[in-house]
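> Residue numbers (UniProt numbering): 1 to 415.
Backbone N, C-alpha and C fix where the C-beta goes; we use that ideal spot for every residue, glycine too.
If you're wondering where the values come from, they're calculated on a predicted model, not measured in any experiment.
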Amino acid sequence: MGASAARASWVQKHKSSGRISDTISTVQNVASHRQDGLISHLPMQVDQSWVLTEAFYGKFLAYFSSGGESRDLRNRLTWLHELPTLSTDGTNTALALAIRASASIYCGAESSSIPLQQKAFKLYGQALATHAKILRSNPKLITVHMISTSVMLSLFEAMQATTADAYRSHIYGAARLIELTTPGQCVFGVLCQLFFHIRTQMAFIYLTTAKHHSMPVTRILTETLSYQDVPVIQRLMSHIAALAQMFHKNTSITALEHCLELETYQRVKMGVEALWTEYSWQALSSNEQLSYVIDTGENVYRDSFTALTVAYFACAEILFRILAPRLSQPYEDSRDPYTAIIACAHYLDPCNIGFAFMRMATPLYLVALYSPKEEQRSEAINVFQSWENGHMSGISALALETIRIRTSQGNRSNT
């Protein structure tokens, strides 16, 4: 067996079995024994950074795509398919550094390795500086590499926040880059997948921080991403963005503004209801069920992306309920969006979809704040707390702090 084949076999063995900490320990032991001369006959030396990146791909980033995503987004390739090529084609060293930084912080958290985490922060700083230099070198040329770098840096912040505002900055930075991107950068739909991820995170950031970033969404979807028939989930996200803007407007509005808000509310509500009918009919026409209940009483969904989509329809329902009293608009719906979101979270949690589960942040955040049932609010908060102790401490810290502040404000207003 040649050196490269032996290396690939070794990594596959350790990637598919045991904890990442075991893999890291093995790498360190190999390096130590080589220095001691105990196993000098080995044909090659294992590159620790390479192994960390492989572990990051295999253990977490591999699930950036939730099952069923391509059904709606219609991306022919996933971001994961293209990342190895994008990061090693020699055109963007910032992306390679960002991947190494994210891999190191992820594996450092998994193995409780302080040196590895320190190395991650150093790589993160190098990636930031290199990314800024590349962007300044040719502001008119925006590539999928640059967008991928911003998204990867945001994933680093989601795992381990460096500042309170860094996560938002990277997501909004990636959004700005997509605005400037030409259609040729779509890469078999990879950009479609990144755009959806960015939009879901923008909704979360806006609801938690009230810091808005306006995007020419229609132009991006039809021109940059070349959609002729815009996917259901992208149309739904546009409605949620409109509802989020209404959610953050001052409640003391004039009569004219009230009429305009009521008109927008009714238009968006009709749009969401029509989308749900379309989405349900698409499944029915394909002889598929979006979800069903098994003997244990748990909900099972067609696939992970279906569960995620159902959760975002439930988000819209919650925002309708919050906004209706403000507009003196009666709201009646037999569906329980809070229970629907909790059911989706239960289904997705063991599905090993890694970063894709980040997209549940907005639904869970709304449950934590607005569910009328204390046990549901507690369950949503418990999810964020589990993230805080795991691989998504950055994004969970933002959610938990905002929930704490909003809950405190609500308690004061009721006293």
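How long is the line joining the alpha carbons of HIS197 and ARG359, rounded to whole angstroms?
Their Cα atoms are separated by approximately 7 Å.
> Hey, quick one: how far does the beta strand (DSSP E) through ASN299 stretch, first residue to last?
Its beta strand (DSSP E) spans residues 299-301.
> Which of the three DSSP states is assigned to VAL187 in this structure?
Coil.
> Can you tell me whether DSSP reads VAL293 as helix, strand or coil?
It is a strand residue.
> Which residue wins for smallest C-alpha separation from HIS145, given the options PRO115, THR181, LYS269?
For HIS145, the nearest C-alpha among the options comes from THR181.
> Is it true that the CB of TYR167 sits closer than 7 Å to the CB of SER154?
Yes, they are a contact pair.
> What number of angstroms, rounded off, separates the C-alpha of GLY297 from the C-alpha of ALA174?
One C-alpha to the other measures close to 41 Å.
> Tell me whether ARG76 sits in a helix, a strand or coil according to DSSP, three-state version.
If DSSP states are grouped into helix, strand and coil, ARG76 belongs with coil.
> Do you know how far the Cα of MET202 is from the Cα of ALA274?
Approximately 24 Å, taken between the alpha carbons.
> Identify, in the order they occur along the chain, each residue of the same chain with its Cβ nearer than 6 Å to the Cβ of ASP22, setting aside the five sequence neighbours on each side.
Because the pLDDT at ASP22 is just 48, under 50, the model does not fix this residue reliably, and the point stays unresolved.
> With DSSP run on the structure shown, which of helix, strand or coil describes ALA368?
Of the three classes helix, strand and coil, the one that applies to ALA368 here is helix, per DSSP.
> When the Cα of GLU223 is compared with those of SER111, GLU69, LEU400, GLY189, which residue comes out closest?
The shortest C-alpha separation from GLU223 is found at GLY189.
> State buried or exposed for HIS239, treating a residue as buried only when at least 16 other CB atoms are found within 10 Å of its CB.
Buried is the call here.
> Considering just the uninterrupted stretch of the alpha helix (DSSP H) at LEU319, what are its terminal residues?
That run of the alpha helix (DSSP H) goes 304-326.
> Short of 7 Å in beta carbon distance, which residues of its chain neighbour PRO216, apart from the five on each side in sequence? Order them along the chain.
Excluding positions up to five away in sequence, the list reads GLU179.
> Inspect the beta-carbon positions of TYR347 and GLN376 and report whether they are closer than 7 Å.
Not a contact, by the Cβ cut-off of 7 Å.
> May I ask you to report which of helix, strand or coil DSSP gives residue 419?
Residue coverage of the chain in this structure runs from 1 to 415, which leaves residue 419 outside it and unanswerable.
> Could you compute how far the alpha carbon of ILE405 sits from the alpha carbon of GLU261?
One C-alpha to the other measures close to 27 Å.
> Between which residues of its own chain and SER4 is the CB-CB distance below 7 Å, once the five residues before and five after are set aside?
Because the pLDDT at SER4 is just 39, under 50, the model does not fix this residue reliably, and the point stays unresolved.
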